[in-house]
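There are 2 protein chains.
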Amino acid sequence: MNIKFLIFDKLTALDAVGPYEVLSRLPGSEVEFLAKEAGPKPTDTGMLSLVAARAFSEVDPADVDILLIPGGEGNRPMLSDEETLEWVREVHAGSEWTTSVCTGAMVLGAAGVLEGLSATTHWAHMEGLAKYGATPTSERVVREGKVFTAAGVSSGIDMALTLVAEMTGPKVAQAIQLGIEYDPEPPFDAGSPEKSDPAIVEFIRNLEGQPA
Amino acid sequence: MNIKFLIFDKLTALDAVGPYEVLSRLPGSEVEFLAKEAGPKPTDTGMLSLVAARAFSEVDPADVDILLIPGGEGNRPMLSDEETLEWVREVHAGSEWTTSVCTGAMVLGAAGVLEGLSATTHWAHMEGLAKYGATPTSERVVREGKVFTAAGVSSGIDMALTLVAEMTGPKVAQAIQLGIEYDPEPPFDAGSPEKSDPAIVEFIRNLEGQPA
Chain E
1 MNIKFLIFDK LTALDAVGPY EVLSRLPGSE VEFLAKEAGP KPTDTGMLSL
51 VAARAFSEVD PADVDILLIP GGEGNRPMLS DEETLEWVRE VHAGSEWTTS
101 VCTGAMVLGA AGVLEGLSAT THWAHMEGLA KYGATPTSER VVREGKVFTA
151 AGVSSGIDMA LTLVAEMTGP KVAQAIQLGI EYDPEPPFDA GSPEKSDPAI
201 VEFIRNLEGQ PA
Chain B
1001 MNIKFLIFDK LTALDAVGPY EVLSRLPGSE VEFLAKEAGP KPTDTGMLSL
1051 VAARAFSEVD PADVDILLIP GGEGNRPMLS DEETLEWVRE VHAGSEWTTS
1101 VCTGAMVLGA AGVLEGLSAT THWAHMEGLA KYGATPTSER VVREGKVFTA
1151 AGVSSGIDMA LTLVAEMTGP KVAQAIQLGI EYDPEPPFDA GSPEKSDPAI
1201 VEFIRNLEGQ PA
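Same order as they appear, the protein sequences are chains E and B. For the first sequence, this note's numbering begins at 1 and goes up steadily by one. For the second sequence, this note's numbering begins at 1001 and goes up steadily by one.
Here it is, written out as structure tokens:
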């Protein structure tokens, strides 16, 4: 199972590393991080870099079984980069699964993958999906055929476990979940806008800026 | 707030990136990844590298406010590496908070930090804590004064949010939680050994190998 993560400068690290930690443990999987140019990609905080092993142009789109696109403010230039969008389209044409986390959905949208589908993204960017012909859906993980979109940042862990269960049945997914001891105990029940103080929701909405 | 993550070859990526995603969003924080030698550090799967910006020898231990040590099979050599352990001891002597995720606790233990304290680690490695004079404790996040230890892999997210709440009060922690949309919905209630199929527990215990 060839799994490719498409990363970029100023990605949100956990968008990628949450599902990486799940999918890399799937027996027989091979996860590789790609970008427009190979090399270290600084995250959106500038405080960490993840390494893209190769340029996506070195990878035959027909060889990609699962594509995952994480989010982050740095993906905005990709939305109009025809080389990237064409590669995503070609991958999607032959993929088993095409997936995104957070604002990675906008790249799928710009490539035309989400046209006519329900999809999700980070709650503060939900409206941006409509311009790509998608129906914004406030669920943590949204599946439409072979397309999975996940909500903000940490939701990629839930999406990846759901995907593994879909591919292999519950036992492998449960084993991976136990391996990463994913028995979450958030100190607050405040992880979605519906559950949060409206002043905090407004604060984060302003921080996130305009939808992509 | 100077926050240093001590990484190494064959670390478990999510151990570090979960709490990084939380702590890097703390206003005024500066997170930096350090290692014995600067440069890309391949994770335990070999499928991703995180970059250590500097060698820890370049950082004055007195300048570290928060230390975080992630886990991963690659930390075993650190347990007998006196240069690393001495740096950890010196950091701990002046830190505001000294923390670990997963088997990162073994490095704190080997440095003498956990002597006489309750502590936690990945469930499959829990017994290993005793040899460092710690009392193994099956809780997801364990606090002893300024020392926080977290359970396996994904638990670092909960630990970091708890730490932020402790430092700044609940509102900042809740804002970060909402920013990363941490409203977990695991597809199974199977993330701890108590909740899992015993056959799966045994399988993962064997995969994890002997306690460090």
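Where a beta carbon is used, it is the ideal one built from N, C-alpha and C, also for glycine.
query: Nearest candidate by alpha-carbon position, reference V1107/B, set E1073/B, S1095/B and G1094/B; result: E1073/B
query: Under 9 Å from the C-beta of W1097/B: neighbouring residues of chain E; result: Near W1097/B there are no residues of chain E at all, since even the closest Cβ is about 15 Å away, more than 9 Å.
query: Identity of the residues DSSP links to K996/B by a beta bridge; result: The shown model of chain B, from 1001 to 1212, leaves out residue 996/B, and the question about it has no answer.
query: Nearest-angstrom Cβ-Cβ length linking H1122/B and E1208/B, presumed shorter than 8 Å; result: 7 Å
query: For R143/E, the three-state DSSP class (helix, strand or coil); result: strand
query: Listed by chain order, chain B residues near E185/E by CB distance under 7 Å; result: R1140 and D1158
query: Sheet register partners of S196/E (DSSP bridge); result: Beta-bridge pairing links S196/E to no other residue.
query: N- and C-terminal bounds of the beta strand (DSSP E) containing V153/E; result: First-last for V153/E: undefined, no H or E at that position.
query: Within 8 Å, strictly: CB atoms of L114/E and A124/E; result: no
query: Chain-ordered neighbours of G1152/B on chain E, where CB pairs are closer than 7 Å; result: I180 and E181
query: Nearest-angstrom beta carbon gap, K1041/B and L1034/B [assumed within contact, 8 Å]; result: Between K1041/B and L1034/B the Cβ distance is about 10 Å, and since that is not below 8 Å, they are no contact.
query: Length of the line joining the Cα atoms of S1196/B and S57/E; result: 42 Å
query: Neighbourhood of G1109/B by C-beta, 7 Å cutoff - its chain only, sequence neighbours within 5 removed; result: L1129, Y1132 and A1134
query: Cβ shell of A165/E (< 7 Å), same chain only, five flanking positions each side left out; result: A173
query: C-beta neighbour in chain B for D81/E, strict 8 Å; result: no
query: Cross-chain neighbours of G191/E in chain B, by beta carbon under 9 Å; result: Q1174, Q1177, L1178, I1180, E1181, Y1182, D1183 and P1184
query: DSSP beta-bridge partners of V1051/B; result: P1040/B
query: S1154/B beta carbon near the ligand ZN (any heavy atom closer than 7 Å); result: Within the structure as shown, the ligand ZN is missing, as the structure has no ligands at all.
query: Proximity test, Cβ basis, 8 Å: S100/E and chain B; result: no
query: 8 Å Cβ cutoff met for L1048/B and Y20/E; result: yes
query: Exposed unless 16 or more other CB atoms sit within 10 angstroms - verdict on N75/E; result: buried
query: Where the alpha helix (DSSP H) through T84/E begins and ends; result: E82 to G94
query: DSSP-derived helix/strand/coil call for A1134/B; result: coil
query: Helix, strand or coil at S1100/B according to DSSP, with G and I counted as helix; result: strand
query: Buried or exposed (CB count within 10 angstroms, at least 16 for buried), A1062/B; result: exposed
query: Within-8 Å CB hit, V1017/B to chain E; result: yes
query: Proximity test, Cβ basis, 8 Å: M1001/B and chain E; result: no
query: Beta bridge counterpart(s) of L1011/B as assigned by DSSP; result: T1043/B
query: Pairwise C-alpha distance: M1078/B and S1138/B; result: 24 Å
query: Within chain B, partners of P40/E - CB distance below 9 Å; result: P1040, S1049 and V1051
query: Where S154/E falls, given that 16 or more other Cβ within 10 Å makes a residue buried; result: buried
query: Cross-chain neighbours of H122/E in chain A, by beta carbon under 7 Å; result: The structure shown contains no chain A; the protein chains it does contain are E and B.
query: Range of the contiguous alpha helix (DSSP H) that encloses L1178/B; result: P1170 to G1179
query: Whether W87/E touches K146/E by CB criterion (8 Å); result: no
query: Cutoff 6 Å; reference E1032/B; Cβ partners in own chain excluding five residues on either side; result: K1004 and A1053
query: Residues from the stretch 1196-1210 of chain B in contact with chain E, defined by Cβ distance under 8 Å; result: S1196, D1197, I1200, V1201, F1203, I1204, L1207 and E1208
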